[in-house]
Amino acid sequence: TQGDILVGGREQAIGNPKDAHALGLGMVYQHFTLVPAMTVAENLVLARDDVPAVVDWAKEKKELEAFLARMPFKVPLDAKVSDISAGERQKCEILKQLYLKRRFLILDEPTSVLTPGEADEVLGMLRDMVMRGELTILMITHKFREVMAFADEVTILRRGKLAGRGFVKDLTPDAMARTMIGAEELTIQPARSGETRQVRLELTRVRALDDAGAVAVHDVSLAVRGGEIVGVAGVSGNGQRQLVEVLAGQREAESGEIRVAGDSYHARREQMRRHRMSLLPEEPLKNACVGGMSVADNIAFREFDRAPFASGGWWLNRSAFRDDAERKIARYKIKTRSAETPISALSGGNVQRAVLARELGGDVEVLIAANPCFGLDFAAVAQIHAEIMAARNRGAAVLLVSEDLDELLELSDRLVVMFHGQFVYEARASEADLTEIGRHMAGH
Numbered sequence: 035t036q037g038d039i040l041v042g043g044r045e046q047a048i049g050n051p052k053d054a055h056a057l058g059l060g061m062v063y064q065h066f067t068l069v070p071a072m073t074v075a076e077n078l079v080l081a082r083d084d085v086p087a088v089v090d091w092a093k094e095k096k097e098l099e100a101f102l103a104r105m106p107f108k109v110p111l112d113a114k115v116s117d118i119s120a121g122e123r124q125k126c127e128i129l130k131q132l133y134l135k136r137r138f139l140i141l142d143e144p145t146s147v148l149t150p151g152e153a154d155e156v157l158g159m160l161r162d163m164v165m166r167g168e169l170t171i172l173m174i175t176h177k178f179r180e181v182m183a184f185a186d187e188v189t190i191l192r193r194g195k196l197a198g199r200g201f202v203k204d205l206t207p208d209a210m211a212r213t214m215i216g217a218e219e220l221t222i223q224p225a226r227s228g229e230t231r232q233v234r235l236e237l238t239r240v241r242a243l244d245d246a247g248a249v250a251v252h253d254v255s256l257a258v259r260g261g262e263i264v265g266v267a268g269v270s271g272n273g274q275r276q277l278v279e280v281l282a283g284q285r286e287a288e289s290g291e292i293r294v295a296g297d298s299y300h301a302r303r304e305q306m307r308r309h310r311m312s313l314l315p316e317e318p319l320k321n322a323c324v325g326g327m328s329v330a331d332n333i334a335f336r337e338f339d340r341a342p343f344a345s346g347g348w349w350l351n352r353s354a355f356r357d358d359a360e361r362k363i364a365r366y367k368i369k370t371r372s373a374e375t376p377i378s379a380l381s382g383g384n385v386q387r388a389v390l391a392r393e394l395g396g397d398v399e400v401l402i403a404a405n406p407c408f409g410l411d412f413a414a415v416a417q418i419h420a421e422i423m424a425a426r427n428r429g430a431a432v433l434l435v436s437e438d439l440d441e442l443l444e445l446s447d448r449l450v451v452m453f454h455g456q457f458v459y460e461a462r463a464s465e466a467d468l469t470e471i472g473r474h475m476a477g478h
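Add 34 to a position in the sequence shown, counting from 1, and you land on the number used in the numbering used here.
Take a look at the structure:
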């Protein structure tokens, strides 16, 4: 609504993507925009504005091969996008922008679906192009390691405002973190303590289908003990979401058995309540809240039909809702105008804090957390990590599913890698080899 945008030193008005394209600006989104059923060549050609009604594919292929010969990325032109790895798809997204002659690229979390090896390869190749003067890149990321390794300058935003900027060579991750959070104090993560206990959550040959009816979870078996965090790593789309949905009761398992504290488990509400099982899903506003209802109502969802929140099986005590919510708002540092504010009005971090207050506000014996910090600010991430570790130290069995490998290595006691719906690697987190993890995440 205000301010100026300068491109090449001249003020420009960018009203739509077509204007941006005309100025040589390209966007590589966090999630892929390729057509999976088409080949790499078809995706590249069809991205152009001037595709003829009848495509001369022999001519186009020849031009694409000449284009790829000048590029640092090598991708199979005749392969279907659905058949290539996530790393190759990310390369295709970048190649598409370069093929369209974009010379200024905006990369939105470009490594979120890549293995560590793929991330370093892609960013390293782009860095080489920048060094040769062929490209300018604006990278949006929350990963300090990538900033330190590949960026020249960094700009730090806090709540939509400029908080600081500088040359990367003059900064440290700690200095950037302090700038990101400002005066807000970070929650200190408790030290890992306590001993592992008996198996609380056990999966035996669990199989589940995806929405299209294909097998997404292939006969997986896993045991999680009390006082232990088991992390599930993997590139997005390898069955993690369907596994979490089975444990949350949002998807039926086709076969196999799930046991909690030795009892057969089917994710019914009474079972979850009896076994003190809690869930921190990804996209909490979508998957764990009713947006139009108040913060107090959402916090009360687990126990709303029990005393002191209900009486006689029908009467709800609204003052009890409010009193409990206000205590938890203070305890979990939820930033809201009041307990009666619709939860949809809160920021993503504060929505997750509200869900955290509901799910971890009482005794917890089993915790399922799925990408609990995705898209959240630094302070919210620190608080959520601290609460997960505290639950583990109190004896909870924690299954942490995350696409953030740094998060998994920081929190987990044990780590498994999921690829094509199967667990293909397991190690103690303290002994895990990053290269080996990346190799299994890529299916090698």
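For every residue, glycine included, the Cβ atom is placed at its ideal position computed from N, Cα and C.
Please read all numbers here as calculations on a predicted model, not as lab measurements.
- Relative to the Cα of Ser372, the nearest Cα in the group Leu220, Tyr366, Glu360 and Ser381 belongs to Glu360.
- Taking a contact to require three or more Cβ pairs closer than 8 Å, the region 279-295 and the region 453-472 do not qualify as touching.
- The C-alpha of Arg136 is placed about 7 Å away from the C-alpha of His55.
- In this structure, the CA atom of Asp339 is about 18 Å from the CA atom of Ala301.
- The count of Cβ pairs closer than 8 Å, one atom from the region 376-385 and one from the region 337-356, stays below three, leaving the stretches out of contact.
- In the DSSP annotation of this structure, the continuous segment of the beta strand (DSSP E) that includes Met61 starts and ends at Leu59 to Val62.
- Where Lys320 is concerned, the enclosing alpha helix (DSSP H) starts and stops at Pro318 to Asn321.
- For Val79, there is no enclosing beta strand (DSSP E); the enclosing alpha helix (DSSP H) has its first and last residue at Val74 to Leu80.
- Residue nearest to Lys320 within the set Met311, Arg310 and Asn332 is Asn332 (criterion: CA-CA distance).
- The region 233-310 is shown to contain whole beta strand (DSSP E) runs of 3 or more residues at 233-243, 249-259, 262-267 and 289-294, in chain order.
- DSSP lists Leu141 as the beta-bridge partner residues of Met173.
- Annotation for Leu277: Val251 place their beta carbon closer than 6 Å to its own, counting only its chain and skipping 5 residues before and after.
- Ranked by Cα distance from Glu219, the options Lys367, Ala476, Leu160 and Glu304 are led by Lys367.
- Taking the CA atoms as reference points, Ile128 sits about 17 Å from Met165.
- For Ala420, the closest C-alpha among the options Arg365, Thr230 and Ala225 is that of Ala225.
- Under the DSSP assignment, Met452 falls in the beta strand (DSSP E) whose first and last residues are Arg448 to Phe453.
- When C-beta atoms of the region 200-207 are compared with those of the region 236-246, fewer than three pairs fall below 8 Å, so the two segments do not count as touching.
- Following the DSSP letters along the chain, one finds Arg192 inside the beta strand (DSSP E) bounded by residues Glu187 to Arg192.
- In the DSSP assignment, Tyr133 falls outside any beta strand (DSSP E) and within the unbroken alpha helix (DSSP H) covering Ala120 to Tyr133.
- The beta carbons of Val435 and Gln223 sit no closer together than 9 Å.
- Short of 7 Å from the beta carbon of Gly409, and not among the five residues preceding or following it, lie these beta carbons of its own chain, in chain order: Gly382.
- Contact annotation, Gln124 with Val156: C-beta distance approximately 6 Å; criterion of less than 8 Å satisfied.
- Going by DSSP, Gly472 is part of the alpha helix (DSSP H) stretching over Leu468 to Met475.
- In the DSSP assignment, Ala461 falls within the unbroken beta strand (DSSP E) covering Gln456 to Arg462.
- Between the alpha carbons of Val115 and Leu68 lies a distance of about 7 Å.
- Selection Leu281, Glu316, Thr375 and Gly283 evaluated against Gly326 yields Thr375 as nearest (Cα-Cα).
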